[in-house]
Amino acid sequence: EAQVTQNPRYLITVTGKKLTVTCSQNMNHEYMSWYRQDPGLGLRQIYYSMNVEVTDKGDVPEGYKVSRKEKRNFPLILESPSPNQTSLYFCASSFGGGLYEQYFGPGTRLTVT
Amino acid sequence: QKEVEQDPGPLSVPEGAIVSLNCTYSNSAFQYFMWYRQYSRKGPELLMYTYSSGNKEDGRFTAQVDKSSKYISLFIRDSQPSDSATYLCAMSGDYKLSFGAGTTVTVRA
Numbered sequence: 001e002a003q004v005t006q007n008p009r010y011l012i013t014v015t016g017k018k019l020t021v022t023c024s025q026n027m028n029h030e031y032m033s034w035y036r037q038d039p040g041l042g043l044r045q046i047y048y049s050m051n052v053e054v055t056d057k058g059d060v061p062e063g064y065k066v067s068r069k070e071k072r073n074f075p076l077i078l079e080s081p082s083p084n085q086t087s088l089y090f091c092a093s094s095f096g097g098g099l100y101e102q103y104f105g106p107g108t109r110l111t112v113t
Numbered sequence: 114q115k116e117v118e119q120d121p122g123p124l125s126v127p128e129g130a131i132v133s134l135n136c137t138y139s140n141s142a143f144q145y146f147m148w149y150r151q152y153s154r155k156g157p158e159l160l161m162y163t164y165s166s167g168n169k170e171d172g173r174f175t176a177q178v179d180k181s182s183k184y185i186s187l188f189i190r191d192s193q194p195s196d197s198a199t200y201l202c203a204m205s206g207d208y209k210l211s212f213g214a215g216t217t218v219t220v221r222a
């Protein structure tokens, strides 16, 4: 089954404790991206990657890191999480750069206390 | 000012009604215009996309894009309770995707 998977689905952590949210896709997509979703603000892009070893900042990259060492994986790293990073996070992937058919993962709900 | 503006609603309609959703945008570089549907506790899923201006129909769903006015619409005909969800407009250009805030729709049986 074609899908994007994220882990963990739910995470409660404390300020400053480094964490990684994993994302994996099995569709051989070149493009992968991370978004955060907050009430009233919709989905905002954090980082994106057009292919292996190629990443770029989205609209809200501060406080986040990413890496793309393999085509299928695109982990999101929070080196020192803060309460304002409490949010619902989605990973997505698509063929090419048109971005007109993104496949989204199920989401990771992160709470930073 | 946000790049994409979408009325958050909520919108409540009786079963069988026509649902009308719309978004405005400011970036002339947008070329693809999408509508996503998001059920509670799920990731967004693509409903349909349109390239440049024009209309596109898929079953009960019709998407319209007017680039001259920077305005896009989604119409849902004969709405069903299963259409109850949050609808997100999205637009892409230059390898980036921008979303509206989403409109929550409830179709009452």
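Listed in order, the protein sequences are those of chains A and B. Number 61 in the numbering used here belongs to position 61 of the first sequence; there are no gaps in the numbering. Number 193 in the numbering used here belongs to position 80 of the second sequence; there are no gaps in the numbering. All residues carry an ideal CB built from backbone N, CA and C; glycine is no exception. Because the structure is a prediction, the values reported are computed rather than measured.
Once you ignore the five residues that flank residue i on each side, which residues in its own chain have a CB closer than 7 Å to its CB?
i                      : result
residue 61 of chain A  : 46 and 47
residue 162 of chain B : 145, 146 and 147
residue 104 of chain A : 4, 90 and 92
residue 164 of chain B : 144 and 145
What does DSSP give as the partner residues of residue i in its beta bridges?
i                      : result
residue 126 of chain B : B:220
residue 60 of chain A  : In DSSP, residue 60 of chain A forms no bridge with anything.
residue 120 of chain B : Paired residues: none, contrary to the question.
residue 184 of chain B : B:137 and B:179
residue 208 of chain B : None; residue 208 of chain B has no bridge partner.
residue 10 of chain A  : A:109
residue 76 of chain A  : A:21 and A:66
Going by other Cβ atoms of all chains shown within 10 Å of its Cβ, with 16 needed for buried, is residue i buried or exposed?
i                      : result
residue 211 of chain B : buried
residue 172 of chain B : exposed
residue 167 of chain B : exposed
residue 151 of chain B : buried
residue 192 of chain B : buried
residue 176 of chain B : buried
residue 16 of chain A  : exposed
residue 6 of chain A   : buried
residue 113 of chain A : exposed
residue 154 of chain B : exposed
residue 198 of chain B : buried
How would you list, in chain order, the residues of chain E whose beta-carbon sits under 9 Å from the beta-carbon of residue i?
i                      : result
residue 106 of chain A : The question asks about chain E, but that chain is absent: this structure's protein chains are A and B.
By Cβ distance below 6 Å, which residues in the same chain neighbour residue i in space, the five residues on each side in sequence not counted?
i                      : result
residue 51 of chain A  : 30
residue 32 of chain A  : 49, 74 and 93
residue 190 of chain B : 131 and 173
residue 109 of chain A : 10 and 88
May I ask you to report which of helix, strand or coil DSSP gives residue i?
i                      : result
residue 192 of chain B : coil
residue 51 of chain A  : strand
residue 102 of chain A : coil
residue 3 of chain A   : coil
Rounded to a whole number of angstroms, what is the C-alpha to C-alpha distance between residue i and residue j?
i                      : j                      : result
residue 182 of chain B : residue 138 of chain B : 9 Å
residue 147 of chain B : residue 118 of chain B : 14 Å
residue 38 of chain A  : residue 87 of chain A  : 6 Å
residue 65 of chain A  : residue 122 of chain B : 34 Å
residue 221 of chain B : residue 126 of chain B : 6 Å
residue 24 of chain A  : residue 219 of chain B : 33 Å
residue 67 of chain A  : residue 179 of chain B : 38 Å
residue 156 of chain B : residue 209 of chain B : 18 Å
Identify, in the order they occur along the chain, each residue of the same chain with its Cβ nearer than 8 Å to the Cβ of residue i, setting aside the five sequence neighbours on each side.
i                     : result
residue 56 of chain A : 47, 48, 49 and 50
residue 83 of chain A : 15, 112 and 113
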